[in-house]
Amino acid sequence: MFIALDMDGTLLTSDGQISERNKEAIVAAQKAGHIVAIATGRAYKDAHEPLAKANIVSPIIGLNGALITQADGTVVCDVPLHKKTLIPLLEWVRTQPDLYCEIYTNEAVYVGLHNREHLETLARQVSDRYPQLQRIVQKQFQQARVTYIQDISEVWNNGSLLFYKVLIFSLHLPSLYKFSLKFRHV
1 MFIALDMDGT LLTSDGQISE RNKEAIVAAQ KAGHIVAIAT GRAYKDAHEP LAKANIVSPI
61 IGLNGALITQ ADGTVVCDVP LHKKTLIPLL EWVRTQPDLY CEIYTNEAVY VGLHNREHLE
121 TLARQVSDRY PQLQRIVQKQ FQQARVTYIQ DISEVWNNGS LLFYKVLIFS LHLPSLYKFS
181 LKFRHV
């Protein structure tokens with residue numbers, strides 16, 4: 001039998017760890033001959049870390065299925081995005097102060113340094129209306145080990161990097177609407 005488990009909101013506790021009860025259930029399933037895989041939107045390193053802390057060895061279906069690894073970390077299958085198609089979108093996003101962007105690549109998850117600072121400031125500014133927002137923003141930063149880069153265009157100009165996932169969001173609804181109109185066909 002093949003068992004696939006999500007991580008956030010399913011396998012992991014609120015502090016990002018695997019509970020002893022979940023660990024015991026996974027180990028018991030594996031000992032019974034079942035394959036237990038992790039299926040997550042996280043990058044491999046971000047999915048592997050809580051598993052390693054719990055001494056669980058498991059295949060990982062990461063980045064929403066774009067990268068699949070065996071239990072030992074060997075890549076079985078990967079489906080990178082077409083980077084040249086994304087560059088015009090990313091160039092535009094870079095000029096929009098209210099849009100936050102993470103680029104998941106074969107080497108790291110990259111974020112423009114100004115993006116994090118802006119997002120944290122915005123979350124603080126609206127915390128009286130949305131008190132849970134600061135916690136949500138911090139949780140996003142805990143889920144992904146990111147590499148902050150001064151100029152995010154270095155990422156798409158680096159020919160050796162493969163793109164697997166691009167996460168773009170905003171806490172400013174007019175910016176999201178503007179984005180959706182501009183790139184609804186990408």
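Numbering follows full-length UniProt numbering, with no gaps: position 127 of the sequence shown is 127. All C-beta atoms, glycine included, are put in the ideal place defined by N, C-alpha and C. Because the structure is a prediction, the values reported are computed rather than measured.
Subject >> Cut-off 7 Å between Cβ atoms - residues of its own chain near T147, not counting five sequence neighbours on either side >> reply: A108, V109 and Y110
Subject >> N-terminal and C-terminal residue of the beta strand (DSSP E) that F179 is part of >> reply: Taken as a continuous stretch (DSSP letters only), F179 belongs to no beta strand (DSSP E), being part of the alpha helix (DSSP H) at L173 to K182.
Original post:
Whose C-alpha, out of P174, R94, Y44 and Y177, is nearest the C-alpha of Q70?
Top reply: Y44
Original post:
In three-state terms, what does DSSP make of I136?
Top reply: helix
Original post:
From H118 to L176, what does the alpha carbon distance come to, in whole angstroms?
Top reply: 15 Å
**OP:** Determine, using beta carbons only, whether A39 and I3 come nearer to each other than 7 Å.
**Re:** no
**OP:** Taking A66 and V79 to be in contact with their CB atoms under 8 Å, please state how far apart those CB atoms are, rounded to whole angstroms.
**Re:** 5 Å
Original post:
In this structure, what does DSSP give as the bridge partners for V75?
Top reply: T69
Original post:
Per DSSP, V146 is paired with what?
Top reply: V109
Original post:
Going by Cα to Cα distance, which pick from K31, E24 and P88 is closest to F183?
Top reply: P88
Original post:
When the Cα atoms are used, what is the spatial distance from G112 to I152?
Top reply: 5 Å
Subject >> Buried or exposed by the 16-neighbour rule on C-beta atoms within 10 Å, applied to E102 >> reply: buried
Original post:
Span of the alpha helix (DSSP H) holding I18?
Top reply: Note, I18: premise wrong, no alpha helix (DSSP H); not H, not E.
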